[in-house]
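The structure under discussion appears below in the form of structure tokens.
There are 2 protein chains.
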Amino acid sequence: MQTQQTALNGTVSTRRMLLDRAPDGDLTTGHFRMSTDVLAQPADGEVLTRTLYLSVDPVMRKIMTNRTSEPNGLNGVFGLGAGDPMRGRTVGVVEVSNDPKFSAGDFVLGWGGWQDFAIEKASALVAVAPVAGQPLSVHLGPLGRPGITAWLGIVLTAKVEASDTVLVSSAAGAVGSVAGQLAKSRGARVVGIAGGAEKCEWLVSTLGFDAAVDYKSADFLQQLEEATPDGVSVIHENVGGAVLDAGLGRMSAEGRIALCGLLDGYQAGIGEAFAYKNFGLLLDRGLTLTGFRIDELTGHHQQALVELRGSLESGSIVTTETVTEGLENAPDALVGLLAGKGSGKHLVKVDDSFDR
Amino acid sequence: MQTQQTALNGTVSTRRMLLDRAPDGDLTTGHFRMSTDVLAQPADGEVLTRTLYLSVDPVMRKIMTNRTSEPNGLNGVFGLGAGDPMRGRTVGVVEVSNDPKFSAGDFVLGWGGWQDFAIEKASALVAVAPVAGQPLSVHLGPLGRPGITAWLGIVLTAKVEASDTVLVSSAAGAVGSVAGQLAKSRGARVVGIAGGAEKCEWLVSTLGFDAAVDYKSADFLQQLEEATPDGVSVIHENVGGAVLDAGLGRMSAEGRIALCGLLDGYQAGIGEAFAYKNFGLLLDRGLTLTGFRIDELTGHHQQALVELRGSLESGSIVTTETVTEGLENAPDALVGLLAGKGSGKHLVKVDDSFDR
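Quick mapping for you: the protein sequence lines, in order, are chains A and B.
Numbering-wise, the numbering used here puts 45 at position 45 of the first sequence, and it's gapless, one number per residue.
To convert, count from 1 in the second sequence and add 1000; that's the numbering used here.
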């Protein structure tokens, strides 16, 4: 890790990771390049932050694709073009504040992007407090967008109860790992779908899932059937495509599908629509599928955070992270995430000054 | 029409239309054949009925296909094999009753199937009363399964309000024509999708739809866009495939889709899954899609019938029928329905003794 030691008097120099060209298919590290730029001092209402952690998210792939899309969340309005600095959520520390709400030394959750330092509007920052026994990066994981998304799916949308059998796709991921644990804490039977025997074993032994099935395995459908002998009443869906199709095939009558992501489509682009063989079961089994968007449900975020923080403190939710060190390695982190490497919340540690 | 004048003393001879062989693709009249059989006298708890009207329904095509399906409604448990008499709902009159609940001359809604006379279990029959100004066949249309299905979609599932723009597919059909009128009576803007300019004109001029678009037209998508300048907040879906995909593309954020039929799939069979280009909008726009099944929602039928009967009596719902005369022409009626001919509720008038 090359932590930046830039002098903060006068101008500030920052490294920035740019999207060099938009990918057309699989993303590689060759789609990025680093630049170094000089930042101005923060204007009135602005804050200079030092980046500590970058969030690495599947949806970053989606915003690189030049598609007609909705102006919501990371999609659309935050779309990236060639040469743009990579955007993304960050946990940082305030270096210089030109706003009365923040002081130097405050920890903040923001949208600093892939750079060592960022000028951010104070109005877009949220002060975050360290949580006992947890790294600061927990505000990008279980207490950040992934955790809130999991809560919105399991609690608000699917209203999971103890009598449910809940199928969680991308279960070893940042959202799925929390979703499964939230469902377990409600007493439901929880079955995860993940890639590879190692992740499946980890879901059961470390996160307490009742079963996990490997979508990369040749006998995936048979594994899924064996893991859900009484069918599935709830799907928390993050993947779409063949994984969702398999899940649909296991749904019980009147089942609920909380749709929070379609990872499969992010790499493939919107051009290649998936033909769901089991689409008709939505009708035949009287299912309800609800797409939900974290940015449209902000009225519920506070309730989600209260439960998530309590669950972390009580240990009913375990934080799991895959951390890559150094801004220069951020492209590797994203490419690895999209290739299914690692588990839990994927992060880049940009600066370890505040490690404890 | 060859109305049967079979003597009712001793045995009863009835014509029966059989499914001669299961279709593999488009249904033709060649898939049927007529037989004549002798019926026994009704046993205890049974009733001999004379068929007045047969219901002709798109789902009849579905139950002819040898597919793995759910044991609900007309599907699955009622599946048809080669040589089986065609099943279906009927309005009939009791000729001989061997059950205290019914007397000769009572009008009943039953499952008599495609035959002149039927032996039916009294427990499976519902007494129906003539409605002023309406033919008896109204109990197969707006006061039968199609009307109840429309109500379950518009009122129970989508909860349509005056602020909604409601898109109704198969709008000139038995379900769609009632669904659109129910939505209109709630003050919503209603746009129908139908096949051909004539049906579209009829939806607007006779049924009072605000607009109608022709899915067979080369500029269907443009027509749909022009008819829904502010988007669509509710879809009552009966068709699926390209028609649903087009509707999804017009959905506003947080829109609701009440899925009550997938006619497109009935002819094609389950093997050819449709690739929805706009599936991702379920996520991006936070949509909710609910499949619903009339036979699983029987607790709501009475409420539906009360409103539907009142709407018929007040004239806020107009009954529309396509009537084919004669049991021998029932295959023509079904083939025509599946080919998109006619509008409203499709019926076969088997016996005109009670015409008024």
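Backbone N, C-alpha and C define an ideal beta-carbon position, used for all residues, glycine too.
- Nearest in C-alpha terms to B/G1231, of all of B/V1190, B/S1205 and B/W1202, is B/V1190.
- DSSP places B/F1220 outside any beta strand (DSSP E); the residue lies instead in the alpha helix (DSSP H), whose first and last residues are F1220 to A1227.
- In this model, A/Q41 and A/G249 are separated by some 57 Å (Cα to Cα).
- The C-beta distance from A/F117 to A/L39 rounds to 6 Å, short enough to fall under 8 Å.
- When DSSP states are grouped into helix, strand and coil, A/Q41 belongs to the coil group.
- The DSSP assignment places 288-291 and 321-325 as complete runs of the beta strand (DSSP E) inside the region 280-348 of chain A, in order along the chain (cut-off: 3 residues).
- Interface criterion not met: the Cβ of B/L1221 is under 8 Å from no Cβ in chain A.
- Listed as beta-bridge partners of B/Y1053 by DSSP are B/V1091 and B/K1349.
- When CB distances to chain B are screened at a threshold of 7 Å, the residues of the region 280-300 of chain A falling below it are G280, L282, L283, D284, R285, G286, L287, T288, L289, T290, G291, F292, R293 and E296, in chain order.
- Residue pairing for B/I1119: DSSP places it in a beta bridge opposite B/L1048.
- Here the alpha carbons of B/T1149 and B/M1251 stand approximately 22 Å from one another.
- In the same chain as A/N238, and ignoring 5 residues on each side of it, the C-beta atoms closer than 7 Å to its own belong to S169, S170, G173, V175, G176, C260, G261 and L263, in chain order.
- For A/E237, no alpha helix (DSSP H) encloses it; the enclosing beta strand (DSSP E) starts and ends at V232 to E237.
- Each residue's CA atom was taken as its position, placing A/H31 and A/P23 some 7 Å apart.
- Residues of chain B whose Cβ lies closer than 7 Å to the Cβ of A/L262 are, in chain order, G1280 and L1283.
- For A/A258, no Cβ of chain B is located within less than 8 Å of the residue's own Cβ.
- Residues D214 and K216 of the same chain have their beta carbon placed closer than 7 Å to that of A/G196, with the five preceding and five following residues left out of the count.
- A/A124 sits away from A/G113, with the two beta carbons spaced by 8 Å or more.
- When only Cα atoms are considered, A/T29 and A/L338 end up about 12 Å apart.
- Interface with chain A (8 Å Cβ-Cβ cutoff): B/K1121 is excluded.
- Neighbourhood of B/K1277 in chain A, by CB distance below 7 Å: A273, in chain order.
- Straight across, the Cα-Cα distance linking A/D99 with A/A43 is about 9 Å.
- Under the three-state reduction of DSSP output, A/G180 falls in the helix class.
- B/V1335 sits away from B/Y1053, with the two beta carbons spaced by 8 Å or more.
- Between the C-alpha atoms of B/S1343 and A/Q222 there is a straight-line separation of about 45 Å.
- One thing to note: A/T157 has its Cβ no nearer than 8 Å to the Cβ of B/T1290.
- DSSP places B/S1205 within a helical segment (H, G or I) once states are collapsed to three.
- Within the same chain, G88, R89 and L140 come within 6 Å of A/S55 by CB-CB distance, once the 5 residues on both sides are set aside.
- In this structure, the beta-carbon distance from A/L143 to A/L347 does not fall below 8 Å.
- A residue is called buried once 16 or more other Cβ atoms fall within 10 Å of its Cβ, and B/E1226, having fewer, is exposed.
- Taking a C-beta distance under 8 Å as the contact criterion, B/L1283 and B/Q1134 do not qualify as a contact pair.
- The Cβ atoms of B/T1165 and B/A1179 lie no closer than 8 Å to each other.
- The alpha-carbon separation between B/A1333 and B/G1326 amounts to approximately 10 Å.
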